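Here the structure is laid out as structure tokens; the discussion comes afterwards.
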Amino acid sequence: SSGINAEWPLRPGDFKVKSRDLKVDIKDKSLSVGLKGQEPIVNGELFNKILTDEAMWHLDENSVVLTLEKFNKVEWWGTVIKGDPEISTKKVQPENSKLGDLDGETRSMVEKMMYDQRQKAAGKPTSDDQKKADTMGKFMEQHPEMDFSNCKWG
């Protein structure tokens, strides 16, 4: 995902935190969050660069919630702040989904990918390979005057 949502609980004691009580400093490669006049609860170098113009934060109860947009949208971040414990992707168990749960366009794309994977595993042409062969066959039929005997396919 290109966005990161992170939440840090504040421990203010007995009072309800308001946004004016916070000091939030978001830079392209660093982050500092805390109550004014106290040590920040988060203070460090981000895992990688973010787009600061897209960064947002808000209060939810006594937690600060940040939404950060990664500069490199396809990169996996194992943690938000460098040096913090990293998330293990090996422990993530994706939910099984049924083809019937997908919208029509997504379903047809997944079915095509599954078909192509089975074809490749069996050493047979994929749907794209078959489409190219069909197009070439039609072209050869339409041009019997041409000699295709020395052509190499694939």
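If you use our numbering, the sequence shown corresponds to residues 137 to 290, in order.
Yeah, the Cβ is synthetic: ideal placement off N, Cα and C, and Gly gets one too.
Since the structure is predicted, the reported quantities are computational estimates derived from the model, not experimental observations.
{"Query": "Is it the case that the stretch 196 to 210 contacts the stretch 227 to 246, given that we only count it when at least three CB pairs across the two stretches are under 8 Å?", "Result": "no"}
{"Query": "If G146 and N184 are in contact, beta carbons under 8 Å, what's the gap, nearest whole angstrom?", "Result": "The question names Gly, but residue 146 is Leu in the sequence shown. Not confirmed; about 26 Å, so no contact."}
{"Query": "Kindly indicate the opening and closing residues of the alpha helix (DSSP H) around A142.", "Result": "First-last for A142: G139 to P145, but that is the beta strand (DSSP E), not the alpha helix (DSSP H)."}
{"Query": "For a quick check, are the C-beta atoms of S224 and L195 less than 8 Å apart?", "Result": "no"}
{"Query": "Would you list, in sequence order, the uninterrupted beta strand (DSSP E) runs of no fewer than 3 residues that lie entirely inside the stretch 186 to 211?", "Result": "192 to 196 and 199 to 205"}
{"Query": "So the alpha helix (DSSP H) D270 belongs to, where does it begin and stop?", "Result": "S263 to Q278"}
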